[in-house]
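First comes the structure, then the notes that go with it.
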Amino acid sequence: MSDPHQLVAMFHGACLCGAVRFEADGPSLFCAHCHCRWCRAAHGAAFVTWLGVREDGFRLVHGAERVRWYASSQHGRRGFCDTCGTTMLYVSGLSPGEVHVARATVTGDVDRPPSGHVFHDHAVDWVVLGDDLPRWTSDHPGLEKYRQVPGRE
Ligand SMILES: [Zn+2]
Ligand SMILES: [Zn+2]
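Its first residue numbered 43, the sequence shown is counted upward by one per residue in the numbering used here.
In structure tokens, the structure reads:
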């Protein structure tokens, strides 16, 4: 089967009300489901699927002034629409040069499927996952940098 994902050279997305629109150049950097308690709370969801893109290839093409940023940790900020509240973006000093885009706000295809579940030790017990993707916990070496300092959540 040919892979339709690799044909996607640019991604487009928007918030619920359409005031904020963005685009990002492919190829993406990663795609993964995050179960951390901070993503869950910020999005009001059981988990959040993130698409990582290069910061220098990311553009707010409409409504940039409508994006509000919430500092959810010492290092990280979460961007949302000031009108409809859609949480769309995550940037962090711990992942310089990257913008993490909520996959659900990207319309259409992207260049890769999710590769796994991160912070799976934070996962809720009221959703049963049906895939066989890797499930990484917060002590995974690649995630260690995102672990919050106690008391700073
Ligand atoms: Zn909006
Ligand atoms: Zn998360």
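Where is the CB? At the ideal position from N, CA and C, for every residue including glycine.
Cβ distance (whole Å) where residue i is taken to contact residue j below 8 Å
i: Val109; j: Arg119; result: Actually they are not in contact, since the Cβ atoms of Val109 and Arg119 sit about 10 Å apart, beyond 8 Å.
i: His104; j: Phe89; result: The pair is not a contact, with the Cβ atoms about 28 Å apart (cut-off 8 Å).
i: Pro156; j: Leu175; result: 7 Å
i: Cys59; j: Thr125; result: 5 Å
i: Ala56; j: Thr147; result: 7 Å
Cβ-Cβ distance between residue i and residue j below 8 Å
i: Ser180; j: Asp163; result: yes
i: Trp92; j: Val143; result: yes
i: Ser150; j: His77; result: Sequence check: residue 150 is Gly here, not Ser. No, Cβ-Cβ distance for Gly150 and His77 is not below 8 Å.
i: Glu140; j: Leu185; result: no
i: Phe64; j: Arg96; result: no
i: Arg145; j: Cys73; result: yes
i: Val160; j: Val50; result: no
i: Gly94; j: His117; result: no
Per DSSP, the bridge partner or partners of residue i
i: Ala113; result: Arg119
i: Thr149; result: His54
i: Phe72; result: Gly94
i: Phe161; result: DSSP output for Phe161 lists no bridge partner at all.
i: Ser134; result: Gly118
i: Thr129; result: Phe122
i: Asp67; result: Met52
Residue i: CB within 7 Å of a non-hydrogen atom of ligand 3
i: Leu131; result: Ligand 3 is not among the ligands present in this structure, which contains only ligand 1 and ligand 2.
4 or more residues per run - each alpha helix (DSSP H) lying fully within the stretch 77-104: Correct list: 79-85.
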